[in-house]
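Protein chains: 2
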Amino acid sequence: MQNVYLSNYELSEAIDIYFKKLGKLNCKTEVVNTWDANGRVTVNALFSLISSPHYNSSAMDGIAVKSEKTFKASDRNHIVLQENVDYVVVDTGDPILKEFDAVIMVEDLIKVDDNHAEIYAAAVPWQNIRPLGEDIVENQLIIPSNHKIRPVDIGALIAGGVNKIEVYKKPSVGIIPTGTELVEIGTDLKVGDIIDFNTRTFAAQVSDWGAVPNRYNIVKDDYELIKAAVIKAAEENDIVLINAGSSAGREDFTSSVISEVGELIIHGVAIKPGKPVMMGIVKNKPIIGIPGYPVSAYFVMEEIAQKLILGFQGLNETKNSTVNAVLTKRVMSSLKYHEFVRVKLGYVDGKYIATPLTRGAGATMSLVRADGVLEIEQSIEGIEAGNLVEVKLLNTEDNIKNTLVCIGSHDPIIDIASDIMHKNNNKYFLSSANVGSMGGIMSLKTGETHIAPIHLLDMETGEYNKSYVNKYLSNKKIALIKCVNRIQGFIVAKDNPLNITKFEDLTREDIKFVNRQRGSGTRLLLDYNLNKLNIEPEKISGYFREEFTHLSVAAAVLAGDCEVGLGVYSAAVMMGLDFIPVCNEEYDIALQEEYLELDIVKQFLNTIKSNEFKIELEKLGGYDCSNAGEIVYL
Amino acid sequence: MQNVYLSNYELSEAIDIYFKKLGKLNCKTEVVNTWDANGRVTVNALFSLISSPHYNSSAMDGIAVKSEKTFKASDRNHIVLQENVDYVVVDTGDPILKEFDAVIMVEDLIKVDDNHAEIYAAAVPWQNIRPLGEDIVENQLIIPSNHKIRPVDIGALIAGGVNKIEVYKKPSVGIIPTGTELVEIGTDLKVGDIIDFNTRTFAAQVSDWGAVPNRYNIVKDDYELIKAAVIKAAEENDIVLINAGSSAGREDFTSSVISEVGELIIHGVAIKPGKPVMMGIVKNKPIIGIPGYPVSAYFVMEEIAQKLILGFQGLNETKNSTVNAVLTKRVMSSLKYHEFVRVKLGYVDGKYIATPLTRGAGATMSLVRADGVLEIEQSIEGIEAGNLVEVKLLNTEDNIKNTLVCIGSHDPIIDIASDIMHKNNNKYFLSSANVGSMGGIMSLKTGETHIAPIHLLDMETGEYNKSYVNKYLSNKKIALIKCVNRIQGFIVAKDNPLNITKFEDLTREDIKFVNRQRGSGTRLLLDYNLNKLNIEPEKISGYFREEFTHLSVAAAVLAGDCEVGLGVYSAAVMMGLDFIPVCNEEYDIALQEEYLELDIVKQFLNTIKSNEFKIELEKLGGYDCSNAGEIVYL
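Protein chains in written order, with my numbering: chain A, 585 to 1218; chain B, 585 to 1218.
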């Protein structure tokens, strides 16, 4: 239990210390053909070697003339010119012979015969002529040094006669995955195995930043093996990234290895996630120790490794653009760290809305789902809901503005509708957050969402959804889009070995239950039934264990942590479990009536009314969508 | 002189007609390894095949315990637990054995001996455990269809057991350069030759849009050769681009070829530049005829070809972000076209400033220099200076905000200072517009520029710069940064064959002059001298021919269009011409005094005071920079 205490430098301070220590980066250069240089970075400013055009040329299709011979031409005094005496025919780009000094364009000519043309206006000297060097003059600066070459630069460089250019060599980045628990992709997984996916993400990031990734095989947690791997990677690459082994666990040898074979400059930075990052130098090569948790790794890659990789190519990071968004949930933050909070962005009613995603460092999916990052300064303890915050964009504003925001109850059919809609109209996206039916109602109330899927059973009337809308959203004009009737029931192990068939069984001693979170319609359904049957929740083992989706409930049953959960048929089927139906419920989509006019909502309506959608639901089973798309005004 | 009249569809209408005619694009797909799929586009929605984690695992380094055995632990009642009986040691990611249901982290343990640990707080069931599927549940949607894969997606897909995925195949794009005047890169240029650089730009654009460019050799203007090339390219590729031959010149066979071997759907769209574009179908493959002028070609590529190339990969165009900017010059526009105007953007005094660049369709450099595009609707005749306009960004806001705007008189040393400054501090850029000294003064007046290089000779006092600042900028606090004293003189052919030595020579019958534009300091210098010598400008042949830079003047002399121009020594040397000194002048940099406080201005000051700058100027010759960086407050 070594190395528990790390340093806690501010990120910018740590980077300063590290880059000062690194000194001038050992950037290499190479000469490439200009036409192969797209995306590469210039070492020196590039000046044209020739002018373009390199001769006086015609800017139009027409005839080249001596302007003084046209001076008397006018509407009332047409002049007839003779070919090869008074003019020659020229096309755009043709050279202008010495004796001519203007071009009259074809549209301004009256054809007399094959060798004569009539004009009715004088030509001004140099009209319609592109003089030598009009576009690029010899020795003119075309692009500066440290400039990332774009397609238009390639055109201009070649036009300016620059056919070979010196660019920064793409740095080679060695990537070492370490950890005895890691296995390669495609391995049959045993309990305790973790597929190494982090270094695959790194490799793609490294490529995106213009470098060449060089991933090594997984190294077990063995001091000597790690040492050998670090030395080899430092010898073979410009930069080394070593994954895992940077927190304080039993098997963390990385920091000791770096200290032994090189110098460990920084170990620990006041960022979260990402705190246990290491920055060192081995054999004069920079080496970054990247934490094992995927989200920590991501921010260390973005905030530190990127800077290094771009630096080797003479480039600075380009800052992401930002938008101001209304925060939907309070975010707490520690005074010990500068925090990076991933957020989902929506554009509802003319403003951006930012909803924080799961903050766990292991939440790979939160990176996939994030549209932006909210940074919370170390000195700030938290930000209240409703505040306007600056969010760094990970998605385009355009995509976000074309996204239907869907916050509420979870059902796998929302993913299906999302996919069908996007496939039929590429422009539109659907983003869903699973916060339960009551969460959906609250999101409608605060205006954070376009649509809210809900299935809320009125404990008194036994009716679905309407009474909740009337109670909580009385000041808005709300409509319900009918979506599906779905079967809820007990999700149990294959063949239902414990013979669970009714709510009363949940109190049995041999049975552990897994519940859904408070505010979810499924939880209300449970409570409604327990109440009807006078069963006390405390009697049910596992009543207080909460999962957030049907699939998570099914996963818990599959894992054997518990014997039963309440959920939808499709979730049980997907996990190969058995299902005991309990009741049918109405899963509807609530929204502000005026949003029915939005094109994106119309597309969504078309989607759930479509045959495609029906066919997919039949495959899943457990849904009746005969009323899908019907609108109920409340 | 055929095909003069083209159609004039609106762009969106033309695209609609064309894409309807094309019908469903013949997108091909292929299966790739997930780790090789960065930047590729999914064909189907991808769902996880396994859960991640796929077992209950520890979220912390610590010990796994049975929570019920810890319930009585408190500050006042420490409990000692025994290894392998009450707990096992676990690291982050280790599996939790069936008999345990909580993890206590190492920081909350008091070590007793090697086999015992003391705790002082109860463990809550499931604390610090990542349950199976916490991150990704089996069958969960990871990414939708038609989604461009990012590094984080690769991580999540592999974590979810998705190792191979179906993606759209990169479309192959055949690119045919046509034109008898075209020559390949590296050819010794004869008059009338044009290097084919357009198709090299296309190839890079095509790559940037995710497709594979397939450039063919140049095809001469010969109907049968072009026909053969089009057929071959249509057979070998998914999309064909054919360059040049789309305007109405003598040698334009493309439209006839497309009509003969396929179908020409559109010929002519109401955009400028880019009007004569063609859209056709040959052998069921889309073919775009792209105009020969580089700027026309660029917009046709961006607005039409891009849509097609992305469409073949299931993608929509992503719109560039925009900023609102103050237009510095009036822009006129034809009611016949929707116009694309390239603009240079600056960020001065808290607002974006857009300066239109040269509008010629041949101005390759205007594409290189552009930071954005201003689109002018067909129904609008023009936009007045001072109006706020929406500009589509071609550069990042960050880069633009870190750019020192320099509008005024042209001298090659500005390019040199720009390059040195950027090289020493990657973050900063300098963008210069050459509008002459008086243009610089006016830009300071309207607040469009940070700095303005000027060399304005007072006709009465013979003094430089100060009187102009006092006269035109009396309501601002202006400072002058001394820059260089430079030699102006006559730029003449090598060995000065016509023996030009004094202003009086300019009126000689055998001599044609080339002038600088009105408002330039060099023009004022000429007028000052002519005035002193009582020479009438009209007596000078070529007095009214205007060029915008010293290098353009030198280029005109080199081309032999004229025998002499007035300019700086360095321009003559660069072009291998001779130089007859006339006088020394003070080339200073005017700016608002408060801008001296800007970090970017300080960097610029450091640059012109640096040894590096002095060394470069010595190489050029003709400059004295002993006072460079001195500040004169006015």
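C-beta: ideal position from N, C-alpha, C; glycine also. The structure presented is a predicted model; accordingly, all values stated were derived computationally and were not measured.
query: Quick one: is ILE1215 (chain A) buried, meaning 16 or more other Cβ sit within 10 Å of its Cβ, or exposed?
result: On the first sequence, position 631 is the one that residue 1215 (chain A) refers to. Exposed.
Within 7 Å, strictly: CB atoms of ALA1101 (chain A) and GLU1169 (chain A): In the first sequence, the residue the question calls residue 1101 (chain A) occupies position 517. In the first sequence, the residue the question calls residue 1169 (chain A) occupies position 585. Before going on, a small fix: residue 1101 (chain A) reads as Gln here, not Ala. Cβ distance not < 7 Å, so GLN1101 (chain A) and GLU1169 (chain A) don't count as in contact.
query: Just the Cα atoms here: how many angstroms apart are GLU691 (chain A) and ASN1113 (chain B)?
result: For the purposes of this step, residue 691 (chain A) is taken as residue 107 along the first sequence, with counting starting at 1. For the purposes of this step, residue 1113 (chain B) is taken as residue 529 along the second sequence, with counting starting at 1. One C-alpha to the other measures close to 43 Å.
- request: Could you confirm whether any beta carbon from chain A is found closer than 7 Å to the beta carbon of PHE781 (chain B)?
  value: In the second sequence, residue 781 (chain B) corresponds to position 197, counting from 1. Chain A contact via Cβ: present.
query: Counting contacts by CB-CB distance shorter than 7 Å, is ALA1139 (chain B) in contact with chain C?
result: Of the protein chains in this structure, namely A and B, none is chain C.
message: Does chain A have any CB closer than 7 Å to the CB of ILE647 (chain B)?
response: Within the second sequence, residue 647 (chain B) is the residue found at index 63, counting from 1. Judged by the 7 Å Cβ criterion, ILE647 (chain B) is not in contact with chain A.
query: Pairing CB atoms from the stretch 674-683 of chain A with CB atoms from the stretch 640-647 of chain A, are three or more of them under 8 Å?
result: yes
field: Reduced DSSP category for PRO728 (chain A) - H, G, I as helix; E, B as strand; rest coil
entry: Indexing the first sequence from 1 puts residue 728 (chain A) at position 144. PRO728 (chain A) falls in the coil class under three-state DSSP.
message: Once DSSP output is grouped into helix, strand and coil, what is the label at GLN897 (chain A)?
response: Indexing the first sequence from 1 puts residue 897 (chain A) at position 313. It is coil, neither helix nor strand.
- prompt: What residues in the stretch 731-743 of chain B bring their beta carbon closer than 9 Å to a beta carbon of chain A?
  reply: HIS731, ILE733, ARG734, PRO735, VAL736, ASP737, ILE738, GLY739, ALA740, LEU741, ILE742 and ALA743
query: Do the CB positions of ASP1183 (chain A) and LYS903 (chain B) come within less than 7 Å of each other?
result: Looking up residue 1183 (chain A) in the first sequence gives position 599. Looking up residue 903 (chain B) in the second sequence gives position 319. No, Cβ-Cβ distance for ASP1183 (chain A) and LYS903 (chain B) is not below 7 Å.
query: With 7 Å set as the bound, which would you pick, yes or no: does the beta-carbon of ALA889 (chain B) sit closer than that to a beta-carbon of chain A?
result: Position 305 of the second sequence, counting from 1, holds the residue named residue 889 (chain B). No, ALA889 (chain B) lies away from the interface with chain A (no Cβ there is under 7 Å from its Cβ).
is_contact[ALA1143 (chain A), chain B] using C-beta, thresh 7 Å: Against the first sequence, residue 1143 (chain A) aligns to sequence position 559. Yes, because at least one Cβ of chain B sits closer than 7 Å to the Cβ of ALA1143 (chain A).
message: Taking 7 Å as the threshold (beta carbon to beta carbon), is GLU1093 (chain A) in contact with chain B?
response: The residue given as residue 1093 (chain A) occupies position 509 in the first sequence. It does not; no Cβ of chain B falls within 7 Å.
Distance CB(LEU590 (chain A))-CB(HIS851 (chain A)) smaller than 7 Å: Sequence index remark: in the first sequence, residue 590 (chain A) carries index 6 (1-based). Sequence index remark: in the first sequence, residue 851 (chain A) carries index 267 (1-based). Result yes, Cβ atoms of LEU590 (chain A) and HIS851 (chain A) sit closer than 7 Å.
query: Between A:ARG1092, A:ASN723, A:ASP1003 and A:ILE601, which lies nearest to PHE631 (chain A) when the distance is taken from Cα to Cα?
result: Here residue 631 (chain A) is taken as the residue at index 47 of the first sequence, counted from 1. Nearest C-alpha to PHE631 (chain A): A:ASN723.
message: At a threshold of 6 Å, does ASN1118 (chain A) count as lining the ligand ADP (C-beta to nearest heavy atom)?
response: What this structure holds is no ligand at all, so the ligand ADP is not there to describe.
- request: Tell me whether the beta-carbon of MET1159 (chain A) lies closer than 7 Å to the beta-carbon of ASP719 (chain B).
  value: Numbered from 1 along the first sequence, position 575 holds the residue referred to as residue 1159 (chain A). Numbered from 1 along the second sequence, position 135 holds the residue referred to as residue 719 (chain B). No, the Cβ-Cβ distance between MET1159 (chain A) and ASP719 (chain B) is not below 7 Å.
- prompt: By the criterion of Cβ-Cβ separation under 7 Å, what are the contact partners of LYS1078 (chain A) in chain B?
  reply: The residue given as residue 1078 (chain A) occupies position 494 in the first sequence. In chain order: nothing, as chain B lies at least about 15 Å away.
- request: Given a cut-off of 7 Å, decide if ALA707 (chain A) and ILE688 (chain A) are closer than it, judged by their beta-carbon atoms.
  value: Here residue 688 (chain A) is taken as the residue at index 104 of the first sequence, counted from 1. Here residue 707 (chain A) is taken as the residue at index 123 of the first sequence, counted from 1. Contact flag set, yes.
query: In chain B, which residues lie less than 9 Å from TYR1171 (chain A) when you measure between Cβ atoms?
result: Mapped onto the first sequence, residue 1171 (chain A) falls at position 587. Near TYR1171 (chain A) there are no residues of chain B at all, since even the closest Cβ is about 18 Å away, more than 9 Å.
message: Let me confirm a value: ARG734 (chain B) is counted as buried when at least 16 other C-beta atoms fall within 10 Å, else exposed. Which label applies?
response: Here residue 734 (chain B) corresponds to residue number 150 of the second sequence, with the count starting at 1. It is buried - the Cβ of ARG734 (chain B) has at least 16 other Cβ atoms within 10 Å.
task: Tell me SER636 (chain B)'s beta-bridge partners as DSSP assigns them.
output: Position 52 of the second sequence, counted from the start, is the residue given in the question as residue 636 (chain B). B:ILE720, per the DSSP bridge assignment.
query: Do HIS1039 (chain A) and SER1002 (chain A) have their CB atoms nearer than 7 Å?
result: Counting from one through the first sequence, the residue named residue 1039 (chain A) turns up at place 455. Counting from one through the first sequence, the residue named residue 1002 (chain A) turns up at place 418. No; because the gap between Cβ atoms is not below 7 Å, this pair is not in contact.
- request: Say whether chain A places a C-beta atom closer than 7 Å to the C-beta of ARG784 (chain B).
  value: Residue numbering aside, residue 784 (chain B) sits at position 200 when the second sequence is read from its first letter. True, the Cβ-Cβ gap to chain A drops below 7 Å.
message: Taking the alpha helix (DSSP H) that ARG953 (chain A) belongs to, which residues open and close that run?
response: Here residue 953 (chain A) is taken as the residue at index 369 of the first sequence, counted from 1. Per DSSP, ARG953 (chain A) belongs to the alpha helix (DSSP H) from 948-953.
query: Apart from the five residues just before and just after ALA740 (chain B), which ones in its own chain have a Cβ nearer than 6 Å to its Cβ?
result: As a working mapping, residue 740 (chain B) is identified with position 156 in the second sequence. Only ILE726 meet the Cβ criterion.
Three-state class that DSSP yields for MET916 (chain B) in the structure shown: The sequence position of residue 916 (chain B) within the second sequence is 332, counting from 1. In this structure, MET916 (chain B) counts as strand in the three-state DSSP scheme.
query: For GLY1221 (chain B) versus TYR752 (chain B), is the C-beta spacing smaller than 7 Å?
result: Residue 1221 (chain B) falls outside the range modelled here, since chain B spans only 585 to 1218, and no answer is possible.
Simplified DSSP assignment, three categories, for HIS1134 (chain B): If you number the second sequence from 1, residue 1134 (chain B) lands on position 550. HIS1134 (chain B) falls in the helix class under three-state DSSP.
- prompt: At a Cβ threshold of 7 Å, is TYR704 (chain A) touching chain B?
  reply: Residue mapping note: residue 704 (chain A) aligns to position 120 of the first sequence, counting from 1. So, not an interface residue.
field: Spatial neighbours of TRP793 (chain B) in its chain, beta-carbon cut-off 7 Å, leaving aside the 5 residues before and after
entry: Stepping through the second sequence from its first residue, residue 793 (chain B) is reached at position 209. Counting only Cβ-Cβ distances below 7 Å, and skipping sequence neighbours, we find GLN890, ILE893 and LEU894.
query: Is PRO870 (chain A) near ILE823 (chain A), with beta carbons less than 7 Å apart?
result: On the first sequence, position 286 is the one that residue 870 (chain A) refers to. On the first sequence, position 239 is the one that residue 823 (chain A) refers to. Cβ distance < 7 Å, so PRO870 (chain A) and ILE823 (chain A) count as in contact.
- prompt: Does the stretch 995-1012 of chain A come close enough to the stretch 959-976 of chain A that 3 or more CB-CB pairs lie under 8 Å?
  reply: no
- prompt: Residue range of the alpha helix (DSSP H) that ARG784 (chain A) falls in?
  reply: Walking along the first sequence from the start, residue 784 (chain A) turns up at place 200. Looking at the DSSP string, the run of the alpha helix (DSSP H) that includes ARG784 (chain A) is 782-792.
message: By the three-class DSSP mapping on this structure, what secondary structure does ASN587 (chain A) have?
response: Working through the first sequence from its first residue, we reach residue 587 (chain A) at position 3. Only weak support exists for where ASN587 (chain A) lies, its pLDDT of 47 falling under 50; the value from the coordinates is given anyway. Reduced to three states, the DSSP call for ASN587 (chain A) is coil.
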